[in-house]
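Novice: Would you mind keeping the following structure in view while I ask a few things?
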Amino acid sequence: MGRHDDALTDLNRAIELDPDEAWAIAGRGQTYRLMGRHDDALTDLNRAIELDPDEAWIIAERGETHRLADRYDDALADYSRAIELDPDEAWAFAGRGQTYRAMGLYDDALTDYNRSREISSNNGWVWLEYAVLFRLMGRASEEDASWRKAEELFTANIVGNTIEAQRARFNLFVLWCARSEWERVTHQLQDILANNPHIGLIREAMIDLRDMQRTLALDEDHAGAILRTLETHIATSPSVT
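Numbering (our numbering), first residue to last: 14 to 254.
This is how it looks when you write it as structure tokens:
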């Protein structure tokens, strides 16, 4: 979602009209998660799951919220339940793999990334996650190949200024941050912000950058300056809550 205040207005209205609409409640929870409001997100996602206990994407979304709040056991439980309900949910496998990676369970993470790639072979983000994992495992040649594949897939999706193209630009930006290619990062960020990107994508990129910063011990000065630039852009953009 882009302008989160507009999204919240629409979702609040939908929930007023039908207080038991699980999709709308889960969508609002997802919006709160992107805004970093994890407690509000969990309140909505818990309610949505009460209403629709077998909807895999809602359960996986709650797992993602738990992961971002460092509640790894809860995240694993939700991702595993989502996978049980939908064994072809590539995003849930990738999210569970990220959780295992954060817990230092690298072999388990690799197993889940492999399954996610089997389901969705052209997902550049899974290849980026491979690269991060292989760096942590000290597998340099596989790391390098994974960076190249991720960059290739992200670049192929940069066509025009659609939401998907904007997301691909941000993903490429995060990749270069992870590789500490700060000059390329600076140019990419200038180009991205000049094209009025959706605020939701900025927030997603900030979440990803913080994860890379923590996982790969990125340079504090460079990463911190970039995060401040993104925060300033959000704060000065119209219609932002």
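The C-beta atom is built at its ideal place from N, Cα and C for all residues, glycine as well.
Could you pull out every residue in the same chain whose Cβ sits closer than 7 Å to the Cβ of Glu-34, ignoring the five residues on either side in sequence?
Specialist: In the sequence shown, residue 34 corresponds to position 21, counting from 1. Non-local C-beta neighbours of Glu-34 in its own chain, meaning closer than 7 Å and more than five positions away in sequence, comprise Ala-27, Ile-28, ordered along the chain.
Novice: Is the separation between the beta-carbon of Ile-69 and that of Asp-99 shorter than 8 Å?
Specialist: For the purposes of this step, residue 69 is taken as the residue at position 56 of the sequence shown. For the purposes of this step, residue 99 is taken as the residue at position 86 of the sequence shown. Note that residue 69 corresponds to Ala in the displayed sequence, not to Ile. Yes, they are a contact pair.
Novice: Thinking Ala-61 and Ile-38 are a contact (beta carbons under 8 Å), I'd like their distance in whole angstroms, please.
Specialist: For the purposes of this step, residue 61 is taken as residue 48 along the sequence shown, with counting starting at 1. For the purposes of this step, residue 38 is taken as residue 25 along the sequence shown, with counting starting at 1. Confirmed, about 4 Å.
Novice: Any idea if Leu-89 is buried or exposed, counting beta-carbon neighbours within 10 angstroms, 16 or more meaning buried?
Specialist: As a first step, residue 89 must be located in the sequence shown, where it is residue number 76. Buried, by the Cβ-count rule.
Novice: With a threshold of 8 Å between beta carbons, is Ser-159 in contact with chain D?
Specialist: Annotation note: the requested chain D is absent from the structure, which comprises a single protein chain.
Novice: Since Thr-175 is in the alpha helix (DSSP H), which residue starts that stretch and which ends it?
Specialist: Within the sequence shown, the letter at position 162 stands for residue 175. Premise fails: Thr-175 is in no alpha helix (DSSP H) and is neither H nor E.
Novice: Looking at the secondary structure, which residues open and close the alpha helix (DSSP H) in which Ser-154 lies?
Specialist: Numbered from its first residue, the sequence shown carries residue 154 at position 141. Taken as a continuous stretch (DSSP letters only), the alpha helix (DSSP H) holding Ser-154 covers 153-169.
Novice: If you reduce the DSSP assignment to three classes, tell me which class Arg-142 lands in.
Specialist: The sequence position of residue 142 within the sequence shown is 129, counting from 1. The question names Arg, yet the displayed sequence has Glu at residue 142. Note: Glu-142 maps to helix in three-state DSSP.
Novice: Alpha carbon to alpha carbon, what distance is there between Arg-114 and Gly-108?
Specialist: Here residue 108 refers to the residue found at position 95 of the sequence shown. Here residue 114 refers to the residue found at position 101 of the sequence shown. Each residue's Cα considered, the two are about 10 Å apart.
Novice: State whether the region 52-67 contacts the region 233-246, with contact taken as three or more CB pairs (one from each stretch) at a distance under 8 Å.
Specialist: Short answer: they don't touch.
Novice: Looking at C-alpha atoms only, which residue of Ile-71, Ile-247, Leu-166, Leu-188 is the closest neighbour of Arg-94?
Specialist: Your numbering for residue 94 matches position 81 in the sequence shown. Among Ile-71, Ile-247, Leu-166, Leu-188, the Cα nearest to that of Arg-94 is on Ile-71.
Novice: Decide if Met-225 is buried, meaning its Cβ has at least 16 other Cβ atoms within 10 Å, or exposed.
Specialist: Walking along the sequence shown from the start, residue 225 turns up at place 212. By the 10 Å Cβ count, Met-225 comes out buried.
Novice: Hey, out of Asp-120, Met-219, Met-150, His-235, whose CA is closest to Glu-194's CA?
Specialist: Here residue 194 refers to the residue found at position 181 of the sequence shown. Among Asp-120, Met-219, Met-150, His-235, the Cα nearest to that of Glu-194 belongs to His-235.
Novice: Which residues mark the beginning and the end of the alpha helix (DSSP H) in which Gly-108 is found?
Specialist: Taking the first residue of the sequence shown as position 1, residue 108 is located at position 95. In the DSSP annotation of this structure, the continuous segment of the alpha helix (DSSP H) that includes Gly-108 starts and ends at 103-115.
Novice: Please report how far the alpha carbon of Glu-244 lies from the alpha carbon of Met-48, in whole angstroms.
Specialist: In the sequence shown, the residue the question calls residue 244 occupies position 231. In the sequence shown, the residue the question calls residue 48 occupies position 35. For the pair Glu-244 and Met-48, the Cα-to-Cα distance works out to about 12 Å.
Novice: Taking the straight line between their C-alpha atoms, what separation do you get for Leu-81 and Trp-140?
Specialist: Within the sequence shown, residue 81 is the residue found at index 68, counting from 1. Within the sequence shown, residue 140 is the residue found at index 127, counting from 1. Straight-line Cα distance between these residues: approximately 20 Å.
Novice: Mapping DSSP to helix, strand and coil, what is Asp-83?
Specialist: Within the sequence shown, the letter at position 70 stands for residue 83. Three-state result, Asp-83: coil.
Novice: For the putative contact between Leu-24 and Thr-44, defined by C-beta atoms under 8 Å, what is the C-beta separation to the nearest angstrom?
Specialist: Counting from 1 along the sequence shown, the entry for residue 24 is found at position 11. Counting from 1 along the sequence shown, the entry for residue 44 is found at position 31. That belief holds up - the Cβ atoms of Leu-24 and Thr-44 are roughly 7 Å apart, short of 8 Å.
Novice: Tell me where the alpha helix (DSSP H) around Ser-134 begins and ends.
Specialist: Here the question's residue 134 lines up with position 121 in the sequence shown. No alpha helix (DSSP H) contains Ser-134, which DSSP labels as neither H nor E.
Novice: Closest by CA to Val-187, which one among His-211, Trp-160, Thr-124, Thr-175?
Specialist: As a working note, residue 187 is residue 174 in the sequence shown. For the residues His-211, Trp-160, Thr-124, Thr-175, the minimum Cα distance to Val-187 belongs to Trp-160.
Novice: On a Cα-Cα basis, can you pick out the residue from Trp-104, Ser-134, Ala-181 that is closest to Gln-201?
Specialist: On the sequence shown, residue 201 is found 188 positions in, with the first residue counted as 1. From the listed residues Trp-104, Ser-134, Ala-181, the smallest Cα separation to Gln-201 is found for Ala-181.
Novice: CA-CA distance, Thr-112 and Val-172?
Specialist: As a working mapping, residue 112 is identified with position 99 in the sequence shown. As a working mapping, residue 172 is identified with position 159 in the sequence shown. Each residue's Cα considered, the two are about 31 Å apart.
Novice: Take the Cβ of Gly-213 as the centre, count every other Cβ of all protein chains shown within 10 Å, and call the residue buried at 16 or more, exposed below.
Specialist: Position 200 of the sequence shown, counted from the start, is the residue given in the question as residue 213. So Gly-213 counts as buried.
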